[in-house]
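Contents: one structure, followed by commentary.
2 protein chains.
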Amino acid sequence: MEPRVTLITLGVRDLERAVAFYEDGLGWPLSGASVEGEVAFFKTGGTVLAFWGREALAEDANIDSEGSRFSSFALAHNVAEKEEVDSVLEEAVSAGATITREAQDVFFGRNGYFADPEGYLWEVAWNPSFPLSEDGTISLPD
Amino acid sequence: MEPRVTLITLGVRDLERAVAFYEDGLGWPLSGASVEGEVAFFKTGGTVLAFWGREALAEDANIDSEGSRFSSFALAHNVAEKEEVDSVLEEAVSAGATITREAQDVFFGRNGYFADPEGYLWEVAWNPSFPLSEDGTISLPD
Numbered sequence: 038m039e040p041r042v043t044l045i046t047l048g049v050r051d052l053e054r055a056v057a058f059y060e061d062g063l064g065w066p067l068s069g070a071s072v073e074g075e076v077a078f079f080k081t082g083g084t085v086l087a088f089w090g091r092e093a094l095a096e097d098a099n100i101d102s103e104g105s106r107f108s109s110f111a112l113a114h115n116v117a118e119k120e121e122v123d124s125v126l127e128e129a130v131s132a133g134a135t136i137t138r139e140a141q142d143v144f145f146g147r148n149g150y151f152a153d154p155e156g157y158l159w160e161v162a163w164n165p166s167f168p169l170s171e172d173g174t175i176s177l178p179d
Numbered sequence: 038m039e040p041r042v043t044l045i046t047l048g049v050r051d052l053e054r055a056v057a058f059y060e061d062g063l064g065w066p067l068s069g070a071s072v073e074g075e076v077a078f079f080k081t082g083g084t085v086l087a088f089w090g091r092e093a094l095a096e097d098a099n100i101d102s103e104g105s106r107f108s109s110f111a112l113a114h115n116v117a118e119k120e121e122v123d124s125v126l127e128e129a130v131s132a133g134a135t136i137t138r139e140a141q142d143v144f145f146g147r148n149g150y151f152a153d154p155e156g157y158l159w160e161v162a163w164n165p166s167f168p169l170s171e172d173g174t175i176s177l178p179d
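From first to last, the protein sequence lines are chains A and B.
Start counting at 1 in the first sequence, then tack on 37, and there's your number in our numbering.
Start counting at 1 in the second sequence, then tack on 37, and there's your number in our numbering.
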């Protein structure tokens, strides 16, 4: 698993309020990849900051949203090839991680989740709509 | 405040275990800026992943480490000039953020913390040892 954080997902209780703060309050350009009322993406230098419902994130990661192990955010490690989702998850397990949700095909491509020894969530994702550049960053549609 | 995440600090209960996972398990190169037993830095593509004691982070951000508002991590927004720490914090407050710890001079430069409307912590930091590049990423010493 290469050292790479491509995206940070913050689980929010109130998406509209979060978008209002970052887009209207701070003046950050909202990516066109965002879906109103569902998910918001902001390009933040070398990474992407995503806002998604707290419950939706917990469900996707297969973690109890009310449990103490859910810190309500996830780091994402995007990969260039679909098969890498599975191989990266296997590598993380070999290193001592715990799979919270096995790799599966999803609407955007393929993903899965592991928790590091502290319980921090990583999403391993292949998303051809957010292509991975050679420098390890992802591109968002405008 | 420019849209920029320069560094992600994960507060950990067991630093040695976290470093063992990322450095030994996943094979990530540990930055020479790390201080054994204190803090660990990994360059992760366009951002930096830092591991620091959970209590130390809470204390630095002036947040109760046992309170529900502490999600045990912080996003960092590094700035190029010392005075920008204060002006970015002011801008965040105008947008609806809450200061958790006012800007102050610290051993590495100057920093302060705000919480966004969901309670997520941002550190605004000026750290001349981690210079900010034109592309909005920071450089770590080798």
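Think of the CB as a built atom: it goes at the ideal place given N, C-alpha and C, for glycine as much as any other residue.
Can you confirm whether Arg-106(B), when its beta carbon is compared against all beta carbons of chain A, has any partner nearer than 8 Å? no
In terms of DSSP beta bridges, what is Val-161(A) paired with? His-114(A) and Gly-149(A)
Residues in its own chain within less than 6 Å of Ser-71(B) by CB, not counting five upstream and five downstream? Ala-77 and Phe-78
Rounded straight-line distance, which links the Cα of His-114(A) to that of Thr-81(B): 10 Å
Answer yes if the region 47-57 of chain B comes into contact with the region 119-126 of chain B, meaning at least three C-beta pairs across the two stretches below 8 Å, and no otherwise. no
Note down, in chain order, all residues in the region 134-163 of chain A with a beta-carbon under 8 Å from any beta-carbon belonging to chain B. Ala-134, Asp-153, Pro-154, Glu-155 and Tyr-157
Report the rounded CA-to-CA distance for Phe-145(B) versus Thr-135(A), giving the unit in angstroms. 35 Å
7 Å Cβ shell around Glu-60(A) - same chain, five flanking residues per side excluded: Leu-67
For Arg-50(A), which residues in the same chain have their Cβ closer than 7 Å to its Cβ, ignoring the five residues on either side in sequence? Arg-91
CA-to-CA distance, Phe-107(B) to Gly-156(B), given in whole angstroms: 8 Å
DSSP state of Glu-103(B), grouped into three classes? coil
Below 9 Å between beta carbons is the criterion; list the residues of the region 43-68 of chain B that meet it against any residue of chain A, in chain order. Thr-43, Ile-45, Leu-47, Gly-48, Val-49, Arg-50, Asp-51, Arg-54, Ala-55, Ala-57, Phe-58, Tyr-59, Asp-61, Gly-62, Leu-63, Gly-64, Trp-65 and Pro-66
Do you know whose CA, among Thr-43(B), Met-38(B) and Gly-74(B), lies nearest Leu-52(B)'s CA? Gly-74(B)
Please check if any C-beta of chain B sits within less than 8 Å of the C-beta of Met-102(A). Reading off the sequence shown, one finds Ser at residue 102(A), where the question assumed Met. Not one chain B Cβ lies under 8 Å of Ser-102(A).
In the DSSP assignment, find the unbroken beta strand (DSSP E) run with Val-49(A) in it and report its ends. 44-49
Can you tell me which residues form a DSSP beta bridge with Gly-83(B)? Gly-83(A)
Backbone CA spacing between Val-130(A) and Phe-151(A) [nearest angstrom]: 8 Å
Can the beta-carbon of Leu-158(A) be found less than 8 Å from the beta-carbon of Thr-137(A)? yes
Judging by CA-CA distance, which residue of Gly-173(B), Ser-105(B), Val-143(B) and Glu-171(B) is the nearest neighbour of Asn-164(B)? Val-143(B)
How about Gly-173(B): is its C-beta nearer than 8 Å to some C-beta of chain A? yes
Three-state secondary structure (DSSP) at Asp-172(B)? coil
Taking 8 Å as the cut-off, decide whether the C-beta atoms of Val-116(B) and Thr-84(B) are in contact. no
Check whether the Cβ of Phe-78(B) lies closer than 8 Å to any Cβ atom in chain A. no
Neighbouring residues, chain B, relative to Leu-177(A) (Cβ below 9 Å): Residues of chain B passing the Cβ test: none, with the nearest at roughly 12 Å.
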